[in-house]
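Quick note: the sequence shown uses the working numbering, first residue 1, plus one each step. Beta carbons are placed, not taken as given, at the ideal position from N, Cα and C, and that holds for glycine. Note sheet for the following structure.
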Amino acid sequence: MVSNFLFHRVSPVRDPLWDPMDVSRFEKAIQYISKNYEVRRLEDLIQSDEIHSKRRFATIVFDDGYKDNIEYGAEILSKYNCKASFYVVTDCIDKNIPTWTFMLDYAFGHTRISKIHLGFNFLPQELRVEDLFSADDRINYVKKFKGVIKKLSHVQRNQLLEVVFQTYNDVEFPKNMMSWNDLKQLSQAGHYIGSHTAAHGMLGTMDHVNEIRSELLTSAEAIEKNLGYFPTTISYPVGSYNQKVIDISKEVGYKTGLAVKQTIFNPEKDSQFEIPRIELYNEPWWKMKLRITNLLGNIKTVTGYK
Numbered sequence: 001m002v003s004n005f006l007f008h009r010v011s012p013v014r015d016p017l018w019d020p021m022d023v024s025r026f027e028k029a030i031q032y033i034s035k036n037y038e039v040r041r042l043e044d045l046i047q048s049d050e051i052h053s054k055r056r057f058a059t060i061v062f063d064d065g066y067k068d069n070i071e072y073g074a075e076i077l078s079k080y081n082c083k084a085s086f087y088v089v090t091d092c093i094d095k096n097i098p099t100w101t102f103m104l105d106y107a108f109g110h111t112r113i114s115k116i117h118l119g120f121n122f123l124p125q126e127l128r129v130e131d132l133f134s135a136d137d138r139i140n141y142v143k144k145f146k147g148v149i150k151k152l153s154h155v156q157r158n159q160l161l162e163v164v165f166q167t168y169n170d171v172e173f174p175k176n177m178m179s180w181n182d183l184k185q186l187s188q189a190g191h192y193i194g195s196h197t198a199a200h201g202m203l204g205t206m207d208h209v210n211e212i213r214s215e216l217l218t219s220a221e222a223i224e225k226n227l228g229y230f231p232t233t234i235s236y237p238v239g240s241y242n243q244k245v246i247d248i249s250k251e252v253g254y255k256t257g258l259a260v261k262q263t264i265f266n267p268e269k270d271s272q273f274e275i276p277r278i279e280l281y282n283e284p285w286w287k288m289k290l291r292i293t294n295l296l297g298n299i300k301t302v303t304g305y306k
């Protein structure tokens, strides 16, 4: 059994919409994990017969490729002698722009524009708005909006994102992604760099095979060009995938696919292209510890607790 612990951002700067893991809390998590589990790189463990033993293994993985991963996370990983895997969105690395999920929150959180035309018929009635006058209105709206937008088709989602980013054109997005040089440093330190697609597209919502293949292959080729190897692992953005995505991932050349699912990986039962991960958040230690030990997952199963 393997516990795959997923992180995104590690930073002392707070964010009301998507709060990064606080640096001290991240260290507490890594300290606990390294003390109670045998920490391995996921890519090494997958290829080892040890994965079938009864030992308690853990992996530490990051999605997206934010700069704070190397600014704050890498030193703590080194302190506790932990090697991690970083799955990066290669267009975001190339252009030093955040993922669309980050940009969506950031646009609503930082614009001063009140007018926005979101009268699309495919949105729930309560989200078809023309005005969001205050900052609180916009923040409360996007909290509901981003839950809905992730369930739409790829085409519908892109329509909405285009309206949001064109309307809130007063917002300057932060340049907060790692560079290829940063990723080379992580690789040289013994960490693994894998794929999180080219543009963070929700693969399971895409209809066209060529579009899915492009997301998967373009990212892998960028990693091969800049780091010298074709990555074996694809981390599905927003946990979105289906059998078509799995089949194309295999065709392209990946050996492993990562989901989320908030549970422990059982290599005797789980597909190597649907490996579950436990995402950890910036929340009180008692709750994070419940996630780490998977007790929260069991509680949720029984009670529906979130």
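Looking at the secondary structure, which residues open and close the beta strand (DSSP E) in which Phe173 lies?
Within the sequence shown, numbered from 1, the residue matching residue 173 stands at position 173. Element bounds for Phe173: n/a, residue is neither H nor E.
Which whole-angstrom value describes the C-beta separation of Leu203 and Ser235, a residue pair presumed to lie in contact below a C-beta threshold of 8 Å?
Taking the first residue of the sequence shown as 1, we reach residue 203 at position 203. Taking the first residue of the sequence shown as 1, we reach residue 235 at position 235. No, Leu203 and Ser235 are not in contact; Cβ-Cβ is about 11 Å, not under 8 Å.
Could you tell me the distance, in whole angstroms, from the CA atom of Met288 to the CA atom of Ile60?
The residue you call residue 288 lines up with position 288 of the sequence shown. The residue you call residue 60 lines up with position 60 of the sequence shown. Distance between the alpha carbons of Met288 and Ile60: 15 Å.
With DSSP as the reference, label Lys143 as helix, strand or coil.
Residue mapping note: residue 143 aligns to position 143 of the sequence shown, counting from 1. Lys143 falls in the helix class under three-state DSSP.
Does the Cβ-Cβ distance between Pro276 and Thr256 come in under 7 Å?
Sequence index remark: in the sequence shown, residue 276 carries index 276 (1-based). Sequence index remark: in the sequence shown, residue 256 carries index 256 (1-based). No. Outside cutoff.
If you drop the 5 nearest sequence neighbours on each side, which residues of the same chain put their C-beta closer than 8 Å to that of Ile51?
The sequence position of residue 51 within the sequence shown is 51, counting from 1. Closer than 8 Å at Cβ, skipping near neighbours: Val2, Leu45, Phe57 and Pro267.
Of the choices Asp137, His117 and Lys269, whose alpha-carbon is the least far from that of Val129?
By 1-based counting over the sequence shown, the position of residue 129 is 129. Comparing Cα-Cα distances from Val129 to each of Asp137, His117 and Lys269, the minimum goes to His117.
Between the beta-carbon of Thr99 and the beta-carbon of Cys92, is there less than 7 Å?
Counting from 1 along the sequence shown, the entry for residue 99 is found at position 99. Counting from 1 along the sequence shown, the entry for residue 92 is found at position 92. Yes; because the gap between Cβ atoms is below 7 Å, this pair is in contact.
To the nearest angstrom, report how far apart Asn96 and Ser179 are at their CA atoms.
Numbered from its first residue, the sequence shown carries residue 96 at position 96. Numbered from its first residue, the sequence shown carries residue 179 at position 179. Distance between the alpha carbons of Asn96 and Ser179: 7 Å.
Whose C-beta lies closer than 8 Å to the C-beta of Arg25 among residues of the same chain, with five residues either side of it excluded?
The sequence position of residue 25 within the sequence shown is 25, counting from 1. Result list for Arg25: Asn282, Trp285 and Met288, in chain order.
Phe165: first and last residue of the uninterrupted beta strand (DSSP E) it sits in
Numbered from its first residue, the sequence shown carries residue 165 at position 165. No beta strand (DSSP E) contains Phe165, which is instead part of the alpha helix (DSSP H) from His154 to Thr167.
Rounded C-alpha distance that separates Ser85 from Pro237
The residue labelled residue 85 in the question sits at position 85 within the sequence shown. The residue labelled residue 237 in the question sits at position 237 within the sequence shown. Answer to the nearest angstrom: the Cα atoms are 15 Å apart.
Alpha helix (DSSP H) segment containing Phe62, residue limits
Here residue 62 refers to the residue found at position 62 when the sequence shown is read from its first residue. No alpha helix (DSSP H) contains Phe62, which is instead part of the beta strand (DSSP E) from Phe57 to Asp64.
State the start and end residues of the unbroken alpha helix (DSSP H) segment that holds Arg213.
As a first step, residue 213 is located in the sequence shown; it is residue number 213 there, counting from the start. Val209 to Leu227 is the span of the alpha helix (DSSP H), which, as asked, contains Arg213.
Leaving out the 5 sequence neighbours to the left and right, which residues in its chain are closer than 8 Å to Gly194 when beta-carbon positions are compared?
As a working mapping, residue 194 is identified with position 194 in the sequence shown. Excluding residues within five positions, the ones whose Cβ falls inside 8 Å are Glu43, Ser85, Phe86, Tyr87, Val88, Ile223, Pro231, Thr232, Thr233, Ile234 and Ser235.
So, with DSSP's three-state summary, where would you put Val260?
Stepping through the sequence shown from its first residue, residue 260 is reached at position 260. Here Val260 sits in strand by DSSP.
Helix, strand or coil, according to DSSP, for Asp131 in the structure here?
For this step, residue 131 is matched to residue 131 along the sequence shown. Correct three-state label for Asp131: strand.
Between which two residues does the beta strand (DSSP E) holding Lys115 run?
In the sequence shown, residue 115 corresponds to position 115, counting from 1. Run containing Lys115: Lys115 to Leu118, per the beta strand (DSSP E) assignment.
Any idea if Gly73 is buried or exposed, counting beta-carbon neighbours within 10 angstroms, 16 or more meaning buried?
For the purposes of this step, residue 73 is taken as the residue at position 73 of the sequence shown. The residue in question, Gly73, is buried, as its Cβ has 16 or more Cβ neighbours within 10 Å.
Exposed or buried, what is Arg157 when buried is set at 16 or more other beta-carbons lying within 10 Å of its beta-carbon?
Taking the first residue of the sequence shown as 1, we reach residue 157 at position 157. Answer is buried; the Cβ neighbour count reaches 16.
What residue range does the beta strand (DSSP E) around Thr233 cover?
For the purposes of this step, residue 233 is taken as the residue at position 233 of the sequence shown. Looking at the DSSP string, the run of the beta strand (DSSP E) that includes Thr233 is Thr233 to Ser235.
Residue burial classification, Asp131 (beta-carbon count within 10 angstroms, cutoff 16)
Within the sequence shown, numbered from 1, the residue matching residue 131 stands at position 131. Result: exposed.
Taking all protein chains shown into account, decide if Leu186 is buried (16 or more other Cβ within 10 angstroms of its Cβ) or exposed.
Counting from 1 along the sequence shown, the entry for residue 186 is found at position 186. Looking at its Cβ environment, which holds 16 or more other Cβ atoms inside 10 Å, Leu186 is buried.
Count the other CB atoms, across all protein chains shown, that sit within 10 Å of the CB of Arg112; report buried if there are 16 or more and exposed otherwise.
Taking the sequence shown and counting its residues from 1, the one referred to as residue 112 is at position 112. Classification of Arg112: exposed, given that the 10 Å Cβ count is below 16.
Beta carbon of Ser48, beta carbon of Cys82: below 7 Å?
On the sequence shown, position 48 is the one that residue 48 refers to. On the sequence shown, position 82 is the one that residue 82 refers to. Contact: no.
Check whether Ile248 and Arg291 have beta carbons under 7 Å apart:
By one-based count along the sequence shown, residue 248 stands at place 248. By one-based count along the sequence shown, residue 291 stands at place 291. Taking 7 Å as the Cβ cut-off, Ile248 and Arg291 do not qualify as a contacting pair.
Does the beta-carbon distance from His154 to Asp64 come in below 7 Å?
The residue given as residue 154 occupies position 154 in the sequence shown. The residue given as residue 64 occupies position 64 in the sequence shown. Against a cut-off of 7 Å, the Cβ pair of Asp64 and His154 comes out as no contact.
Please say whether Asn176 and Lys79 have beta carbons closer to each other than 7 Å?
As a working mapping, residue 79 is identified with position 79 in the sequence shown. As a working mapping, residue 176 is identified with position 176 in the sequence shown. No, the pair does not count as a contact, with Cβ atoms beyond the cut-off.
How close, in whole Å, do the beta carbons of Val252 and Leu217 come, if the pair is a contact with beta carbons under 8 Å?
To locate residue 252, count along the sequence shown from 1; it is residue 252. To locate residue 217, count along the sequence shown from 1; it is residue 217. Right, the Cβ-Cβ distance comes to about 5 Å (below 8 Å), so this counts as a contact.
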